[in-house]
C-alpha cells in the first residue's frame with residue numbers, strides 16, 4: 003500500500019543541508035524550498051502517479067530474473083530522462099543493480115541515495131486485486147475503500163486515497179519520490195551543491211546475498227561521504243523522520259522431531275513425544291510474553307544509548323495508544339515501554355509455525371515434526387555470529403542435539419531431542435552517531 007500523501011513529504015528535503023540560497027537562514031531556506039516543492043507536486047501529481055503506476059506494473063520478485071531485468075531497464079530510463087548518467091551493474095547471474103550519478107563541478111562532497119526495486123513474493127490469496135495491476139481506492143481497503151477508475155481521478159488527488167500494488171510503499175514509491183524531488187528542485191532553479199549518486203538494489207527482499215560483492219566490484223563508482231537509505235516509512239503522525247541506523251537481522255529455520263510417522267493420539271498420546279508441544283515449550287524458553295529474550299547472555303553485547311540518542315527518543319511523539327487502537331490490539335509487549343524504546347533493543351520474532359494439520363484437514367495424530375521460522379533483530383554491538391552461538395548453547399542446555407541436515411533414523415533413536423538448525427547469512431546492525439557533523 004502506498005499513501006498518496008507521501009508525495010507531500012518529497013524526500014527532496016534530505017538534500018536541503020547541501021543547498022545554498024543566498025544569505026537567508028537555513029530555516030527560511032527550508033520553508034521556501036518546501037513551498038516550491040509542494041507547488042511542483044500539485045502541478046504534476048498525475049504525471050508523478052502515472053510514472054509510479056508504470057513502475058509498479060512490472061513484477062519484481064528477485065527470483066524472476068527476467069522481470070527484475072525489466073525493472074532495472076525501466077529505472078535506467080527514469081534516470082536518463084532526468085539527465086542522470088545511468089548504467090546497470092551486473093555480477094554473474096545475480097539480480098542486477100542500477101547506478102546513476104549527477105556530478106556537480108564545484109562539489110566537494112558526494113551523497114549516495116539507496117533504495118531497492120525488488121519486492122516480497124506474493125500469495126495471491128491474500129490480495130483483493132492483482133498485485134501487479136495497481137488499484138486506486140478512495141480510502142484504506144480495511145475501511146471499505148472503493149476502487150477509483152483512472153479516468154475519474156480528480157485534481158488535486160485527495161491525500162487519504164490509497165494505491166495498492168506490490169512494492170507500492172516498499173520500496174518503489176521512495177524511488178519515484180526521490181527522482182521527483184530532483185525534478186522539483188530543478189524546476190525551482192535550486193541546484194544541488196553536492197554530487198548525487200543513486201544505487202538501486204534488485205534483491206534486498208531476498209536478503210541481499212550479492213550486495214557485498216557488488217559493492218566491492220563497483221567500489222570506485224560508489225565512493226561517497228555519506229549514504230542515505232530511502233527505505234522506511236514516515237512517522238505514524240505523518241511527520242517526516244530520519245533514522246540514524248537500522249537493526250541487523252539473522253534468521254533461523256528451527257525443526258524438532260517426533261515419531262517417524264504420524265501416530266494416532268488415542269493410542270499413543272502422552273507416550274510418543276509431540277514435536278508441536280516440544281517446539282512450543284522451546285520457544286517459550288527463548289522468549290517471554292513481553293518479548294524479553296530469555297537466552298542467557300543475549301543482551302551482554304548491547305551498546306547503551308548515548309545521551310543524545312535518549313534525548314531524541316524522548317522528543318518523539320507518543321503514538322502507542324493510537325497505534326493499539328488502529329491495529330486492534332488490547333495490549334502491547336515491552337512491559338509498558340514505548341515503541342521507540344523497544345525498537346532500540348534486540349528482538350526475537352516468530353514469523354511462522356508449521357506442524358500437523360488444522361481446520362478441515364485436522365487429524366487426531368501426533369505429527370512427525372514441527373518447524374518455526376524465526377528472525378532475530380540485532381542492535382549494536384551484537385553480531386550474527388554471537389547470536390548463533392548463544393542460541394545453540396541455549397538449545398543444548400535444553401537437552402537438544404543440534405543437526406544441520408534431516409536426522410537419520412539412527413540419530414533419532416539415539417538422541418531424545420533433536421533440533422535441526424538452518425541459519426540464514428545475517429547482517430549486523432548499523433548506527434550513525436547523532437553527534438557527528440553530518441548528523442547535526
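Numbering (this note's numbering), first residue to last: 3 to 442. Glycine residues also receive a C-beta, built at the ideal position from the N, C-alpha and C atoms.
When DSSP labels each residue in this structure, what does residue i get in the three-state scheme?
{"i": "residue 371", "result": "strand"}
{"i": "residue 166", "result": "strand"}
{"i": "residue 23", "result": "Note that residue 23 scores 39 on pLDDT, short of 50, meaning its location in the model is unreliable and no value can be drawn from it."}
{"i": "residue 428", "result": "coil"}
{"i": "residue 245", "result": "coil"}
{"i": "residue 364", "result": "coil"}
{"i": "residue 446", "result": "Because the chain is modelled from 3 through 442, residue 446 falls outside the range shown and cannot be assessed."}
{"i": "residue 229", "result": "strand"}
{"i": "residue 320", "result": "coil"}
{"i": "residue 192", "result": "coil"}
{"i": "residue 394", "result": "helix"}
{"i": "residue 96", "result": "coil"}
{"i": "residue 291", "result": "coil"}
{"i": "residue 105", "result": "coil"}
Quick one: give me the first and last residue of the alpha helix (DSSP H) that residue i is part of.
{"i": "residue 73", "result": "67 to 83"}
{"i": "residue 174", "result": "174 to 189"}
{"i": "residue 506", "result": "Nothing can be reported for residue 506: it is not among the residues displayed for the chain, which extend from 3 to 442."}
{"i": "residue 301", "result": "Unbroken run through residue 301: none, as it is neither H nor E."}
{"i": "residue 279", "result": "277 to 288"}
{"i": "residue 209", "result": "Segment: none, residue 209 is in no alpha helix (DSSP H) and carries neither H nor E."}
Mind checking residue i: buried by the 16 CB within 10 Å criterion, or exposed?
{"i": "residue 222", "result": "exposed"}
{"i": "residue 338", "result": "exposed"}
{"i": "residue 442", "result": "exposed"}
{"i": "residue 163", "result": "buried"}
{"i": "residue 169", "result": "buried"}
{"i": "residue 374", "result": "buried"}
{"i": "residue 211", "result": "exposed"}
{"i": "residue 120", "result": "buried"}
{"i": "residue 289", "result": "buried"}
Counting along the chain, where does the beta strand (DSSP E) carrying residue i start and finish?
{"i": "residue 258", "result": "250 to 259"}
{"i": "residue 91", "result": "87 to 91"}
{"i": "residue 197", "result": "197 to 203"}
(request) Spell out a yes or no on whether the stretch 420 to 437 and the stretch 374 to 388 are touching, meaning 3 or more CB-CB pairs, one atom from each, closer than 8 Å. (result) yes
(message) Three Cβ pairs or more, each shorter than 8 Å: is that satisfied between the stretch 285 to 301 and the stretch 404 to 417?
(response) no
(message) Whether or not the stretch 414 to 428 and the stretch 245 to 262 are in contact is what I'm after, with contact meaning three or more pairs of Cβ atoms, one per stretch, closer than 8 Å; do they touch?
(response) yes
(request) Evaluate the contact criterion for the stretch 105 to 115 versus the stretch 200 to 217: three or more CB pairs, one atom per stretch, below 8 Å. (result) yes
(message) Please give the ranges of any beta strand (DSSP E) in the stretch 111 to 172, keeping only runs that are unbroken, at least 3 residues long and fully inside the region.
(response) 112 to 118, 137 to 139 and 164 to 166
(message) Pairs of beta-carbons, one from the stretch 268 to 284 and one from the stretch 322 to 329, closer than 8 Å: are there three or more?
(response) no
(request) Determine, using beta-carbon pairs with one atom in the stretch 228 to 236 and one in the stretch 390 to 404, whether at least three such pairs fall under 8 Å. (result) no
(message) Quick check on the DSSP output: what are the complete alpha helix (DSSP H) runs of length 4 or more inside the stretch 396 to 428, in order along the chain?
(response) 411 to 416
(message) Which runs of the alpha helix (DSSP H) at least 4 residues long sit entirely within the stretch 306 to 359? Give them in chain order.
(response) 309 to 317, 322 to 329 and 341 to 344
(request) Mind the definition here: the stretch 357 to 374 touches the stretch 246 to 260 only if three or more C-beta pairs lie below 8 Å; say whether that holds. (result) yes
(message) Counting beta carbon pairs with one atom in the stretch 212 to 221 and one in the stretch 93 to 101, are three or more of them shorter than 8 Å?
(response) yes
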